[in-house]
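Beneath this line is the structure, given in structure tokens, with notes to follow.
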Amino acid sequence: MSIDYNEKIPNNVDLAANKTLQRALEHWQPEFLNWWGDMGPEGFQQSLVYLRTAYSVDPRGWAKFDYVKMPDYRWGILLAPQEENRVIPFGEHYGEPAWQEVPGEHRAMLRRLIVIQGDTEPASVEQQRHLGKTAPSLYDLRNLFQVNVEEGRHLWAMVYLLQKYFGRDGREEADELLRRRSGDADSPRMLGAFNEATPDWLSFFMFTYFTDRDGKMQLHSLAQSGFDPLSRTCRFMLTEEAHHMFVGETGISRVVQRTCEAMRAAGIGDPTDIAKVRALGVIDLPTIQKKLNLHYSLSLDLFGSEVSTNAANAFNAGIKGRYHETQIKDDHRLESDTYPVLKLVDGKIKRVDEPALTALNMRLRDDYTQDCVKGLLRWNKIISTAGYDFKLALPNVAFHRAIGEFKDIHATPDGVLIDEATWNRRKHEWLPSTEDGDFIASLMTPVTSPGEFAPWISPPKVGIDNKPGDFEYVKIET
Ligand SMILES: [Fe+2]
Ligand SMILES: [Fe+2]
Numbered sequence: 020m021s022i023d024y025n026e027k028i029p030n031n032v033d034l035a036a037n038k039t040l041q042r043a044l045e046h047w048q049p050e051f052l053n054w055w056g057d058m059g060p061e062g063f064q065q066s067l068v069y070l071r072t073a074y075s076v077d078p079r080g081w082a083k084f085d086y087v088k089m090p091d092y093r094w095g096i097l098l099a100p101q102e103e104n105r106v107i108p109f110g111e112h113y114g115e116p117a118w119q120e121v122p123g124e125h126r127a128m129l130r131r132l133i134v135i136q137g138d139t140e141p142a143s144v145e146q147q148r149h150l151g152k153t154a155p156s157l158y159d160l161r162n163l164f165q166v167n168v169e170e171g172r173h174l175w176a177m178v179y180l181l182q183k184y185f186g187r188d189g190r191e192e193a194d195e196l197l198r199r200r201s202g203d204a205d206s207p208r209m210l211g212a213f214n215e216a217t218p219d220w221l222s223f224f225m226f227t228y229f230t231d232r233d234g235k236m237q238l239h240s241l242a243q244s245g246f247d248p249l250s251r252t253c254r255f256m257l258t259e260e261a262h263h264m265f266v267g268e269t270g271i272s273r274v275v276q277r278t279c280e281a282m283r284a285a286g287i288g289d290p291t292d293i294a295k296v297r298a299l300g301v302i303d304l305p306t307i308q309k310k311l312n313l314h315y316s317l318s319l320d321l322f323g324s325e326v327s328t329n330a331a332n333a334f335n336a337g338i339k340g341r342y343h344e345t346q347i348k349d350d351h352r353l354e355s356d357t358y359p360v361l362k363l364v365d366g367k368i369k370r371v372d373e374p375a376l377t378a379l380n381m382r383l384r385d386d387y388t389q390d391c392v393k394g395l396l397r398w399n400k401i402i403s404t405a406g407y408d409f410k411l412a413l414p415n416v417a418f419h420r421a422i423g424e425f426k427d428i429h430a431t432p433d434g435v436l437i438d439e440a441t442w443n444r445r446k447h448e449w450l451p452s453t454e455d456g457d458f459i460a461s462l463m464t465p466v467t468s469p470g471e472f473a474p475w476i477s478p479p480k481v482g483i484d485n486k487p488g489d490f491e492y493v494k495i496e497t
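Reading the sequence shown from the start, the letters are residues 20 to 497 in our numbering.
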């Protein structure tokens, strides 16, 4: 399981033993580096960044920290250890040995799922490429770049599967992954949320909290896959992914913390007095709620339609399971089970029992929502501890949706259905307006002295790798 870092492409899959594959990946590598140069972080490419690099897949100790220039980062191919005698944990092949090769009859479906997952990884790097210029501290700048290089590695993870198991069309898909561009009119990324802008650091924290968490749920489902190489790849990606959501959760915590401190210091009693709060140079809580509404609703769309035969087929085939599949106590085939799905019935939002197999997207989305709630509890604790009567909340699932049951209607964050005219008149009560965006943008001035933070965000409680508060996480070279 050791990783050979003397190889051009670090790996623990014995790449040297498969010359054809090695050559194909070594051919793709410079294309990847070109993409990184064009679409990766803007600037800072010659700066030394205190980054972690995976050196092992042992969960007890898998990364080491060091100063690295981003283009020199060792993007590698790392699979979690093979579980002996692993069986397919769900679907019509339940209990059969996991596949080490692609099952012919499910080849197209598998490839499509790998490509969709793969497409999100470079997309988020593209979305975040301008943020370095306005980082609120070297600590945050470093975290941004850590997320970026690891999303780059996740792209490698999916490209390895495509090139190793899908022959020529796999290689073509690998090239396409470097060709599409987030937000591009002609050649956009595959999923909506990955074509949205990430204009400021509050968006970045919301993205890493809500959208990376969709990634977590998808990776968990794919980690259950009967196709063992996919399962092993996703298991190791999840190890890295945890830090991305940590960046989001603590980032929002620190913004909320700073706002509450500033309001208290100024004697402001009403947190919804936006003008007064903004005059302090911090982001008011109602605007934070609007950003949350936006990113949560965009992320819900990533789960696809609530009722989906594709999801049922992927489950039946043993390709994509449920969150924590092996811990669920049922028959793992779901042939006669039902699951409650929120639907629009006679103009009302109602729960309707659907066959559990076709409701798998809804189930995963419910698991996601539950997972999201944890952060809200922490953020609301900060607000209530500061003595304010204000609660951040997740908007109703019918709010601001572009996919699924509620895509053709309008609803308030409380789930009250409204007509189009009302929506157009009131939407900026719930979603960031241009003025909100301009205000946040006005706060985004870079802070680059070690140990200093922009006035709209609190310092973190602990440093990365237990470094002290004034640690120079990025040695800026222009
Ligand atoms: Fe990722
Ligand atoms: Fe991520």
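Each residue gets a CB set at the ideal place from its N, CA and C atoms; glycine is no exception. On a predicted model such as this, the values are computed, not experimentally measured, just so you know.
Is it a yes or a no for the segment 108 to 124 touching the segment 235 to 249, going by three-plus beta-carbon pairs under 8 angstroms? yes
Could you tell me which of Pro78, Glu140, Trp81, Leu97 sits nearest to Met58, measuring between CA atoms? Glu140
Helix or strand or just coil, what does DSSP make of Lys369? strand
Limits of the alpha helix (DSSP H) - the one that Leu518 falls within: Only positions 20 to 497 of the chain appear in the structure, and residue 518 is not among them; the question remains open.
Exposed or buried, Ser156, counting other C-beta atoms within 10 Å across all chains shown (16 or more means buried)? buried
With Val364 as the anchor, note down where its alpha helix (DSSP H) starts and where it stops. No alpha helix (DSSP H) holds Val364; the beta strand (DSSP E) holding it covers 357 to 364.
Stretch pair the segment 224 to 233 + the segment 477 to 492: three plus CB contacts closer than 8 angstroms: no
Using beta-carbon positions only, say whether Leu450 and His429 come within less than 8 angstroms of one another. no
When you compare only the Cα positions, how much space is there between Met128 and Met256? 21 angstroms
Do Val166 and ligand 2 come close, with the Cβ less than 7 angstroms from some heavy atom? yes
Counting C-beta neighbours from all protein chains within 10 Å, is the total for Asn443 16 or more, i.e. buried, or is it exposed? exposed
What does a CB cutoff of less than 7 angstroms around Ile22 pick up in its chain, not counting 5 residues either side in sequence? Pro29, Asn30, Asn31, Tyr74, Ser75, Gly95, Leu97
Buried or exposed: which applies to Val166, given that a residue is buried once 16 or more other Cβ atoms fall within 10 Å of its Cβ? buried
What number of angstroms, rounded off, separates the C-alpha of Ser250 from the C-alpha of Glu195? 23 angstroms
Buried or exposed: which applies to Gly189, given that a residue is buried once 16 or more other Cβ atoms fall within 10 Å of its Cβ? buried
Between Gly171 and ligand 1, is the CB less than 7 angstroms from at least one heavy atom? no
Could you round the C-beta distance between Gly323 and Phe109 to whole angstroms and report it? I think they count as a contact, below 8 angstroms. The pair is not a contact, with the Cβ atoms about 18 angstroms apart (cut-off 8 angstroms).
Considering just the uninterrupted stretch of the alpha helix (DSSP H) at Ala204, what are its terminal residues? Where Ala204 is concerned, there is no enclosing alpha helix (DSSP H), given that its DSSP letter is neither H nor E.
Can you tell which of Phe223, Gly288, Gly470, Gln146 has its C-alpha closest to the C-alpha of Asp489? Gly470
Could you tell me which residues DSSP puts in a beta bridge with Tyr437? Note on residue identity: the sequence assigns Ile, not Tyr, to residue 437. For Ile437, which the question treats as bridged, DSSP gives the partners His429.
Nearest-angstrom Cα separation, counted from Leu376 out to Ala1: The first residue shown for the chain is 20 and the last is 497, placing residue 1 beyond what the model contains.
Using three-state DSSP, classify Tyr74 as helix, strand or coil. coil
Assuming Ala212 and Leu317 form a contact by the criterion Cβ under 8 angstroms, report the distance between their Cβ atoms to the nearest whole angstrom. 4 angstroms
From the DSSP output, read off the bridge partner residues of Leu413. Answer by DSSP bridge pairing: none, since Leu413 is not bridged.
Check the C-beta distance from Phe223 over to Leu150 and give it rounded, since I have them as a contact under 8 angstroms. 6 angstroms
Would you mind working out which of Lys362, Phe334, Gln119, Phe84 sits nearest Tyr350, comparing C-alpha positions? Here residue 350 turns out to be Asp, not Tyr, going by the sequence shown. Among Lys362, Phe334, Gln119, Phe84, the Cα nearest to that of Asp350 belongs to Phe334.
Assign Phe490 to one of three DSSP states: helix, strand, or coil. coil
Status (buried if at least 16 other CB within 10 Å, exposed otherwise) for Lys83: exposed
Would you check if the distance between the CB atom of Glu145 and the CB atom of Ser206 is smaller than 8 angstroms? no
Along the chain, which unbroken stretches of the beta strand (DSSP E) at least 3 residues long are found entirely within the segment 20 to 94? 67 to 73, 82 to 88
Rounded C-alpha distance that separates Glu373 from Asn380: 12 angstroms
Which one of Asp219, Met225, Met264 has the shortest CA to CA distance from Met236? Met264
Is the distance from the Cβ of His314 to the Cβ of Met225 below 8 angstroms? yes
Would you say the beta carbon of Glu260 comes nearer than 7 angstroms to a heavy atom of ligand 1? yes
Chain-order list of residues whose beta-carbon lies under 6 angstroms from that of Glu259 (same chain, five-residue window excluded): Glu169
Under 6 angstroms Cβ to Cβ from Val301, same chain only, skipping five residues before and after it: list those, please. Arg277, Thr278, Ala281, Trp475
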